[in-house]
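Enquirer:
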Amino acid sequence: MYSHKLTLSLKVAMITLLTTATSLSISLLVGTTKLDHLLGIQKLKGDRTKTSLGRAMSASAHVVSPAINQMNEVPKPFQGTIVYQGKLKANEKIIALTFDDGPGPKNTAQILEILKKNDIKATFFMVGEMVKYFPKIAKQVAADGHVIGNHTWHHWYFQMDGATAATEIDRTADIIYKTTGQKTTLFRPPGGFLNNGLAQYAKNQKYAVMMWSEESGDAERRSPQVPMLVKNVLKQAKPGAIVLLHDGGGNRSKSVKALPEMIAGLKAQGYRFVTIPQLLEIQAQEKSVVTAVSPTVTKDEHPNNQLNH
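Right, here's the structure in full:
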């Protein structure tokens, strides 16, 4: 009899223990689900949940930080628009370096090495013909994590009909993709000309037409010496600036020599470097989605236009 009562008591204890454990598990599960919901975390398989939680916490710490992985897609608000600079907060010391007219066998390779040493990602607006002639350099630009933009096939300035403009841009987009694997949504018109048919076609195709807010002067017919190139960039620096430089279209040895000093000077001013898509994404996240289109531009060209751009 005593043995029977003991056995019955053990059974009741085990049932109580199991019920308590089940309730605790359910409570923990509900708590986790609520936490996931608050952080905006979607259920993922395996270790991906931990990764997602880490990313969400990082994002909450600084929501305007660009993604770790290289971004090539332009945020929708900027597609089909003309942009001169990023519209950022006054204390958001971010700047984008851009290089036009390459790739080239010497200057581009040297610039890539400088950028790698400084752990900087930039944006390269490539001429289709140059990609055809120097595919290995174009591939290296992509392999190093830089973003590639479309700068037409021939780098022409004259007035074009719709078919010619389409060929200039589409042919370049095609060879960039076939050579580097990047599908670019960025376009920079040669010379900064906006009314010769190219920019309109690019806008219709949802490209972001990227201009610039400052330049070194390295494409001028009588380009300044290295110290002046550096000074031009440093004195114009501001949050969200897009810097125009060149890795092609002629002898860019001055640009190569000036670049390390430009980078050092900008870093000393507190700037960090991003690609164009990252810059636009930061602006979009700050909810200041206003494209920097100058209302004073009424002619066929950018006010700082130089024919080698």
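Under numbering that gives the first Met the number 0, the residue at position 283 of the sequence shown is numbered 282, and the numbers go up by one with no gaps.
By construction, the Cβ of each residue, glycine as well, lies at the ideal position given by its N, Cα and C atoms.
I need the DSSP call for Leu114, collapsed to helix, strand or coil.
Expert: Helix at Leu114.
Enquirer: Ser252 and Leu244 - do their beta-carbons sit closer together than 8 Å?
Expert: no
Enquirer: Looking only at C-alpha atoms, which of Arg221, Met209, Met227 sits nearest to Ser215?
Expert: The shortest Cα separation from Ser215 among Arg221, Met209, Met227 belongs to Met227.
Enquirer: Thr151 and Glu167 - do their beta-carbons sit closer together than 8 Å?
Expert: yes
Enquirer: Please report the straight-line C-alpha distance between Lys115 and Gly247, rounded to a whole angstrom.
Expert: 19 Å
Enquirer: Evaluate Lys120 with the Cβ neighbour count: other Cβ atoms within 10 Å of its Cβ, from every protein chain shown; 16 or more gives buried, anything less gives exposed.
Expert: Result: buried.
Enquirer: Under three-state DSSP, which class holds Gly148?
Expert: If DSSP states are grouped into helix, strand and coil, Gly148 belongs with the strands.
Enquirer: Look at the Cβ atom of Met125, then the Cβ atom of Ile94, and state whether they are nearer than 8 Å.
Expert: no
Enquirer: Looking only at its own chain, which residues have a Cβ that is under 6 Å from the Cβ of Glu260, when we skip the five neighbours before and after it?
Expert: Val229
Enquirer: So what does DSSP say about Phe77, is it helix, strand or coil?
Expert: DSSP places Phe77 in helix when its eight states are reduced to three.
Enquirer: Determine whether the beta carbon atoms of Phe77 and Leu279 lie at a separation below 8 Å.
Expert: Cβ distance < 8 Å, so Phe77 and Leu279 count as in contact.
Enquirer: Three-state secondary structure (DSSP) at Val82?
Expert: strand
Enquirer: State whether the segment 194 to 201 contacts the segment 229 to 238, with contact taken as three or more CB pairs (one from each stretch) at a distance under 8 Å.
Expert: no
Enquirer: Based on the DSSP output, what are the partners of Met209 in its beta bridges?
Expert: Val82
Enquirer: Considering only residues of the same chain and omitting the five flanking positions on each side of Arg271, which have a CB-CB separation below 8 Å?
Expert: Lys92, Ile93, Ile94
Enquirer: By how many angstroms is the C-alpha of Gln109 removed from the C-alpha of Lys135?
Expert: 14 Å
Enquirer: Determine whether the beta carbon atoms of Val146 and Ile275 lie at a separation below 8 Å.
Expert: yes
Enquirer: Expressed to the nearest angstrom, what Euclidean distance is found between the alpha-carbon atoms of Gln284 and Gly85?
Expert: C-alpha separation (whole angstroms): 12 Å.
Enquirer: Is the distance from the Cβ of Gly127 to the Cβ of Lys202 below 8 Å?
Expert: no
Enquirer: Could you give the DSSP three-state label for Arg170: helix, strand or coil?
Expert: helix
Enquirer: In the DSSP assignment, the beta strand (DSSP E) including Met125 goes from what residue to what residue?
Expert: 122 to 125
Enquirer: Within the same chain, show all residues whose beta-carbon is closer than 8 Å to that of Met159, passing over the 5 residues directly before and after it, in chain order.
Expert: Glu167, Asn195, Gly196, Leu197
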